[in-house]
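Count along the sequence shown from 1, then add 6; that gives the number in our numbering. Note that beta-carbon positions come from the ideal geometry of N, C-alpha and C, so glycine has one too. The structure appears below as structure tokens.
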Amino acid sequence: MSTNTSLSTPAGTFTTIDKNLEKPTISASTAHLAQNRNLREKLLYWLVNVPPSQWPAECPAFLRDLPAKSISILSTPDTEYKRQDWEMVKEIVRSNRIDLFQRVPSELRRYLEFKAHIVAKYGSIMRFMGRPFEFDEDIRILYNDWPYGVEEGIVHLVVWTKFELEDDPATDDLTPRARKEIDDYVMRTFRSRMPAEQVIWFKNWKSLKSVHAVEHFHVMLYQPDMEFVKEVTQGDVPMKARF
7 MSTNTSLSTP
17 AGTFTTIDKN
27 LEKPTISAST
37 AHLAQNRNLR
47 EKLLYWLVNV
57 PPSQWPAECP
67 AFLRDLPAKS
77 ISILSTPDTE
87 YKRQDWEMVK
97 EIVRSNRIDL
107 FQRVPSELRR
117 YLEFKAHIVA
127 KYGSIMRFMG
137 RPFEFDEDIR
147 ILYNDWPYGV
157 EEGIVHLVVW
167 TKFELEDDPA
177 TDDLTPRARK
187 EIDDYVMRTF
197 RSRMPAEQVI
207 WFKNWKSLKS
217 VHAVEHFHVM
227 LYQPDMEFVK
237 EVTQGDVPMK
247 ARF
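Written out as structure tokens, the structure reads:
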């Protein structure tokens with residue numbers, strides 16, 4: 007499926023600068039901005055959002071052979087990234103265009119580095135993620151360790167399960183029965199404790215999953231009571247705050 011990243015790609019940022027460049031005179035500040043723009047355009051994606059003093063001599067292994075979407079995000083300076091607001095998040099989920107979610111550029115870089123670190127240490131993501139299931143519970147609610155680049159105030163959780171959530175092979179999406187089962191669970195666990203319109207959930211298509219071996223779906227809460235979040239996650243702290 008082709009990926010549209012237009013929802014978070016800045017547009018027209020330098021329109022005024024481009025027009026000014028056509029004039030005979032140009033201010034020193036405008037010239038400086040234009041110079042910075044040219045520098046960014048020439049900067050390799052694996053150097054963006056990295057201080058020049060920390061630039062590696064070559065592309066790190068964890069940033070090689072990436073899909074076009076990831077390269078496009080990594081090529082964007084954090085200062086130009088626009089976080090997806092609650093209305094946009096709801097529309098993405100409503101239209102089932104989960105592929106339009108993306109991480110803040112610098113956090114995507116850290117996430118890819120973290121994944122490479124885990125695979126090198128444990129051999130696979132599955133061996134690392136298996137630890138929460140040492141308990142008897144069938145379900146575990148945790149923070150998304152590397153959440154999407156949504157606006158502040160949206161809490162991104164992941165519900166991990168020991169049991170499979172039925173997919174339709176023809177559509178790569180949930181079956182109606184599985185969708186109802188998840189919705190009923192979300193109603194009992196989240197919407198019974200906060201306004202229903204401030205809770206949404208989705209499950210990645212198989213082709214979009216970061217962790218294929220452990221079943222899970224996502225829940226996003228808009229401006230929840232953080233004591234409630236602490237309760238349902240059993241005091242979990244996202245990995246991005248620890249790594």
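Could you tell me the alpha carbon to alpha carbon distance between L49 and F68, rounded to whole angstroms? Going by the C-alpha atoms only, they are around 18 Å apart.
Local conformation of D1 per DSSP, three classes: Any property of residue 1 remains undetermined from this structure, which presents the chain solely from 7 to 249.
Can you say whether P138 is buried or exposed, counting buried as having 16 or more other CB atoms within 10 angstroms of its CB? Reliability fails at P138, whose pLDDT of 41 lies under 50, so the model's placement of it is uncertain and the value that follows must be treated cautiously. By the 10 Å Cβ count, P138 comes out exposed.
Around the C-beta of A247, are 16 or more other C-beta atoms found within 10 angstroms, so that it is buried, or is it exposed? In this structure A247 is exposed. Its beta-carbon is surrounded by fewer than 16 other beta-carbon atoms within 10 angstroms.
What residues in its chain sit with their C-beta under 7 Å from that of A17, if we drop five residues either side in the sequence? Residue placement at A17 is poorly supported in this model, since its pLDDT is 42, which falls under 50; the coordinates still yield a value, given next. Excluding its 5 nearest sequence neighbours in each direction, A17 has no C-beta neighbour in its own chain below 7 Å.
Under three-state DSSP, which class holds Y154? Residue state, collapsed to three classes: coil.
Pairing CB atoms from the segment 147 to 165 with CB atoms from the segment 224 to 241, are three or more of them under 8 Å? Verdict: yes, contact present.
Tell me, to the nearest whole angstrom, how far the beta carbon of N55 is from that of S112; I am working on the premise that it is less than 8 Å. Contact flag correct, Cβ pair sits at about 4 Å.
Measure the beta-carbon distance from F208 to V99 and round it to whole angstroms, keeping in mind my assumption that it falls under 8 Å. A Cβ-Cβ distance of about 5 Å is found for the pair F208 and V99, placing them in contact under the 8 Å criterion.
Put Q90 into one of helix, strand or coil per three-state DSSP. In the displayed model, Q90 falls within a strand according to three-state DSSP.
Would you mind sorting T177 into buried or exposed? The rule is 16 or more other CB atoms within 10 Å of its CB. The residue in question, T177, is exposed, as its Cβ has fewer than 16 Cβ neighbours within 10 Å.
Report yes or no: do the segment 71 to 81 and the segment 179 to 186 share at least 3 C-beta pairs separated by less than 8 Å? The segment 71 to 81 is not in contact with the segment 179 to 186.
Below 8 Å on the Cβ atoms is my contact criterion, and I expect E221 with L171 to pass it. Report the Cβ-Cβ distance as a whole number of Å. 6 Å between Cβ atoms; contact.
Mapping the DSSP letters down to three states, classify D72 as helix, strand or coil. For the record, residue 72 in the displayed sequence is Leu; it is not Asp. Here L72 sits in coil by DSSP.
Would you tell me roughly how many angstroms separate the C-alpha atoms of L180 and P57, rounded to the nearest one? Whole-angstrom Cα-Cα distance: 43 Å.
When DSSP labels each residue in this structure, what does V205 get in the three-state scheme? Strand, per DSSP.
Looking at the unbroken beta strand (DSSP E) that takes in F223, where does it start and where does it end? Looking at the DSSP string, the run of the beta strand (DSSP E) that includes F223 is E221 to Y228.
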